[in-house]
Amino acid sequence: MAVYKGYEVDDNLYSVIRSMPKLQEHRDDLQRQQVSWDYLSVMAQLANLENELSSARKQFNRLTGVLLNSLGLETLKKSTDEYGAMAQDTINILVRNLFERTADIGFLATDQDIRQYLQNGRLGDDQKSQTAQLQARFQSYVDKYSVYHDVVLLDTEGRVLVRLEDHHDVAMTLDPYLEQALTTDAEYVTHFGQSDLFKKDDDSLIFAYRVLSEETQEPIGIVCLCFKFEDEMEGIFGHLIEATSKENLLLLDAEHRIISTSNKDLLPLGGHIKFDDHKLFDVVSSNGREYFCCARQPESYQGYKGAGWLGCAMVPIDQIFTDEAQVQNYKQAILDSVMGGNLFDDETKSIPTFANQIQKELNRSVWNGNVLQASEKNGPDAAVSKVLLSEIKNTGLSTKKIFEDSVLEIQKTAISSVLKSSQAKAALAIDIMDRNLYERANDCRWWSVNGTIQAMLNKDHLTEDDQKQLQTVLTSINDLYTVYTNIIVFNKQGKVIGVSNANYQHLVGTVQQATWARSVSTHTNSQQYSVSEFTPTDLYDGKPSYIYSSAVQDDNNAVIGGVAIVFDSEPQFKAILDDVLPKVDEGGSVAIFADQQKKIIASTHAEYKVGNTLSIDDAFYGLEKGQATSKTLEINNHYYSVGAAKSTGYREYKGATDAYQEEVYAFVMIDIGEMKSVSEINRYKHPETANLLSTNQFKTQIASFYVEDIWLGFRSEKVLSAVHVDNIVPIHGQESTVVAGYMVYKGQSISLLHTAMLMGANKPNTQEINEAVVIKVGDNMIALSIDGLGEMLDIDPMSIQAVGGEVAVTSKVVKEVVLSNAESSNDSMLQLMDIDLIEKELQSVVVIDDALAVV
Numbered sequence: 004m005a006v007y008k009g010y011e012v013d014d015n016l017y018s019v020i021r022s023m024p025k026l027q028e029h030r031d032d033l034q035r036q037q038v039s040w041d042y043l044s045v046m047a048q049l050a051n052l053e054n055e056l057s058s059a060r061k062q063f064n065r066l067t068g069v070l071l072n073s074l075g076l077e078t079l080k081k082s083t084d085e086y087g088a089m090a091q092d093t094i095n096i097l098v099r100n101l102f103e104r105t106a107d108i109g110f111l112a113t114d115q116d117i118r119q120y121l122q123n124g125r126l127g128d129d130q131k132s133q134t135a136q137l138q139a140r141f142q143s144y145v146d147k148y149s150v151y152h153d154v155v156l157l158d159t160e161g162r163v164l165v166r167l168e169d170h171h172d173v174a175m176t177l178d179p180y181l182e183q184a185l186t187t188d189a190e191y192v193t194h195f196g197q198s199d200l201f202k203k204d205d206d207s208l209i210f211a212y213r214v215l216s217e218e219t220q221e222p223i224g225i226v227c228l229c230f231k232f233e234d235e236m237e238g239i240f241g242h243l244i245e246a247t248s249k250e251n252l253l254l255l256d257a258e259h260r261i262i263s264t265s266n267k268d269l270l271p272l273g274g275h276i277k278f279d280d281h282k283l284f285d286v287v288s289s290n291g292r293e294y295f296c297c298a299r300q301p302e303s304y305q306g307y308k309g310a311g312w313l314g315c316a317m318v319p320i321d322q323i324f325t326d327e328a329q330v331q332n333y334k335q336a337i338l339d340s341v342m343g344g345n346l347f348d349d350e351t352k353s354i355p356t357f358a359n360q361i362q363k364e365l366n367r368s369v370w371n372g373n374v375l376q377a378s379e380k381n382g383p384d385a386a387v388s389k390v391l392l393s394e395i396k397n398t399g400l401s402t403k404k405i406f407e408d409s410v411l412e413i414q415k416t417a418i419s420s421v422l423k424s425s426q427a428k429a430a431l432a433i434d435i436m437d438r439n440l441y442e443r444a445n446d447c448r449w450w451s452v453n454g455t456i457q458a459m460l461n462k463d464h465l466t467e468d469d470q471k472q473l474q475t476v477l478t479s480i481n482d483l484y485t486v487y488t489n490i491i492v493f494n495k496q497g498k499v500i501g502v503s504n505a506n507y508q509h510l511v512g513t514v515q516q517a518t519w520a521r522s523v524s525t526h527t528n529s530q531q532y533s534v535s536e537f538t539p540t541d542l543y544d545g546k547p548s549y550i551y552s553s554a555v556q557d558d559n560n561a562v563i564g565g566v567a568i569v570f571d572s573e574p575q576f577k578a579i580l581d582d583v584l585p586k587v588d589e590g591g592s593v594a595i596f597a598d599q600q601k602k603i604i605a606s607t608h609a610e611y612k613v614g615n616t617l618s619i620d621d622a623f624y625g626l627e628k629g630q631a632t633s634k635t636l637e638i639n640n641h642y643y644s645v646g647a648a649k650s651t652g653y654r655e656y657k658g659a660t661d662a663y664q665e666e667v668y669a670f671v672m673i674d675i676g677e678m679k680s681v682s683e684i685n686r687y688k689h690p691e692t693a694n695l696l697s698t699n700q701f702k703t704q705i706a707s708f709y710v711e712d713i714w715l716g717f718r719s720e721k722v723l724s725a726v727h728v729d730n731i732v733p734i735h736g737q738e739s740t741v742v743a744g745y746m747v748y749k750g751q752s753i754s755l756l757h758t759a760m761l762m763g764a765n766k767p768n769t770q771e772i773n774e775a776v777v778i779k780v781g782d783n784m785i786a787l788s789i790d791g792l793g794e795m796l797d798i799d800p801m802s803i804q805a806v807g808g809e810v811a812v813t814s815k816v817v818k819e820v821v822l823s824n825a826e827s828s829n830d831s832m833l834q835l836m837d838i839d840l841i842e843k844e845l846q847s848v849v850v851i852d853d854a855l856a857v858v
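Using my numbering, read the sequence shown as starting at 4 and increasing by one per residue.
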């Protein structure tokens, strides 16, 4: 722990606490309150109340440090969670995208057209025509996989043979990574940096791999896929931050060098960011300005973690803790529930308890001071005591208000943070889903122009060798693209001629009549595709899934069949949803995909079954494309922060020109606490109190208190003291007695009575007794259990009326009541207990060893 302006604070908090204006306001308020306590301590010595205040003062000093530390840590956690998530999402989204590219390069390196061109295309007079055809094939590939800007084919010496962007005047490359592509044992080679394939200073991201001879399995060329790196990063940055946002997103290499940035003017490419890799955040300097920095390593996606890059979010330190979102008001029930949920640690949860304890001790000090004053009203210190008691009361109220405001700030900060988090996580989930399914639409369209598949569908009859060849091609594709359970090839009548998954060999020869199969006959070009509804299908063991299909055309563009891919939706969608949930969670959070009809597509919780209806606030289903929102909802007796986001598509997938426009929503529900009753801070305060106060010089002081919901009191001079009950010695074998047990008061053992039973009620449940009022009955002192202290009231004696006639009460120990002058007839009466009646009621009790016991 570090020390900041006299208070112990967490070491992590110390580095940023100076930049938290709201925390400084609370610290200043508490500092002023400390001065009041110092003043009261001096004054208390003059009125013999020093002991009464010492415990409360110690609690105040301790709680001040805990409060500032908790408020600071919650503020810090909000920013660390928010910007850490941005950094994590930046790198995770990119890694998922690049994972798909690793499969693309492996598949393209086995493309028959590329292989045949390398073996035969450069021979004879038709070379120019064959080069143009291969270039057109590259264009067809990029039309589908629009994340690439160029496809380059090289020979084994590095000479450029064919490329899509043929305006680059480059005949040969000497890039060393190409030699690696020829010899590596890995399935691909990645290069990021400058490349002599492009005459520019910008870095390029290139995936490369060798093309092998079908006969000799020796390298005959190299194919390179050139990724739209900056375009992709702009899309990621734009999705995660708004143009006017104060945060800056970066992509860093393993040496912390900036390789992509959302703000080139402020944090330019090539700059170096120095920070501690092991911290959740760090404070760094760049170009003369201090930043709050969160950097994150990528999370592995199907074993792939990219090239060692990091996502990074940086915010100017003087702007990060000025978020006004937390000023939103929340229902008291939510505020109470969140304090008992999983959002806070035990120390933070203890703040309201300790604050209430301070208030109770102060109330007791004031209450006892007034009791003392009533018995010594003519003493020399009476005037001083009266002033001091008033100051203690006012200090207690202002202290309570400061603590309540600070706790409220912590609660609001936590709720604001989790609402923002659930919304961001929902938006991330739907974005990842769109990106994932974009690849599925690409894959089925590209495979439908595969030369082997086209050749097989052009045949009237497939031989056994044809079947094996088709099976080999489909299996090799499926091995690279593991997100499918099956790849199916069918002819124009819908008859299946091949599958990639041997477990579905029984499908060969069957005719598929589903819409996804029949629709391919309407396709007029290789850019079109169809998608099934998300419904159960025998092609996925009776479970629901999406099936993507695209037409296979002959050289005259006539449809001769189709390719369908069965998406392995169950584990793929669940993995996406699992990835966006909080990493530290006790099982209370849920993520769900649902369609416009509220039908669940996927979920992380067994209670929300796929195919069932997701009954939730209808406003979520009114979101526009690409919109996201969040709110708190009551679900299963818990409060949840529910974030929702609607699909917007990715690139051309579900874009303005795409015929496929299914509306899908992501929901992320984070448990913020079990529903509880609204806190009973003001439970023991009656609205008619003001109507009882005397307006003339004749006053009778009443010391009031509460037992359950009954308002009781004594004339102040009849009371000895209000005390905190630390320890009770039970009476064994006398469980039904009015005596709850024995307690020590000023060195004597006295009986503690169940006041509710004296009032004629049944024995209370076994709740803990924390507070009591000590009175003298005969020659004995006894303690009456109470549930809370009330006001000390100076009332008009004329408002006291004896029980009887029109004024009736059920208790045998109440002799008088105080009538309110309020017009309302529903006001609760203040019932005055009588010492003589209590003694009479206890006639069956005898004195044994200075304590009471049942005969």
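All C-beta atoms, glycine included, are put in the ideal place defined by N, C-alpha and C. This one's a predicted model, so the numbers in the text were calculated from it and none came from an experiment.
Which partner residues of residue i appear in the DSSP bridge assignment?
| i | result |
| --- | --- |
| P547 | P539 |
| D896 | No answer is possible for residue 896: the residues shown for the chain start at 4 and end at 858. |
| A605 | F596 |
| Q36 | In DSSP, Q36 forms no bridge with anything. |
| D3 | The question about residue 3 has no answer, for the chain in this structure spans 4 to 858. |
| S719 | Per DSSP, none; premise fails for S719. |
| I261 | L255 |
| G224 | V214 |
| I803 | V821 |
Where does residue i sit, in a helix, a strand or coil, going by DSSP?
| i | result |
| --- | --- |
| H275 | strand |
| W450 | helix |
| A316 | strand |
| M795 | strand |
| D852 | Reliability fails at D852, whose pLDDT of 43 lies under 50, so the model's placement of it is uncertain and the value that follows must be treated cautiously. Coil. |
| K396 | helix |
| I323 | coil |
| M4 | coil |
| E412 | helix |
| F670 | strand |
Please report the residue range of the beta strand (DSSP E) in which residue i lies.
| i | result |
| --- | --- |
| P767 | Segment: none, P767 is in no beta strand (DSSP E) and carries neither H nor E. |
| Q751 | 751 to 756 |
| R292 | 292 to 299 |
| T187 | Per DSSP, T187 belongs to no beta strand (DSSP E) and is neither H nor E. |
| R162 | Unbroken run through R162: none, as it is neither H nor E. |
| E467 | Looking at the DSSP string, E467 is not in any beta strand (DSSP E); the run it does join, the alpha helix (DSSP H), is 467 to 483. |
Write down the C-beta distance between residue i and residue j rounded to the nearest angstrom, noting that I regard them as a contact closer than 8 angstroms.
| i | j | result |
| --- | --- | --- |
| S650 | V671 | That pair is no contact at about 15 angstroms. |
| S788 | I772 | 5 angstroms |
When the Cα atoms are used, what is the spatial distance from residue i to residue j?
| i | j | result |
| --- | --- | --- |
| I435 | L255 | 22 angstroms |
| L101 | E237 | 15 angstroms |
| D349 | G75 | 16 angstroms |
| F240 | D234 | 10 angstroms |
| M746 | H735 | 15 angstroms |
| L833 | E844 | 21 angstroms |
| A444 | L411 | 49 angstroms |
| V817 | Q360 | 30 angstroms |
| A865 | T402 | The structure shown does not extend to residue 865, since the chain is modelled only from 4 through 858, so no value can be given for it. |
| N95 | L313 | 9 angstroms |
| F570 | E103 | 15 angstroms |
| S303 | K396 | 59 angstroms |
| V681 | E407 | Its pLDDT being 48, under 50, V681 is placed unreliably by the model, and nothing is read from it. |
| F278 | E293 | 12 angstroms |
| V593 | A605 | 11 angstroms |
| T176 | L164 | 11 angstroms |
Specify, as a first and last residue, the run of the alpha helix (DSSP H) that residue i falls within.
| i | result |
| --- | --- |
| I239 | 232 to 243 |
| S340 | 335 to 342 |
| Y144 | 130 to 147 |
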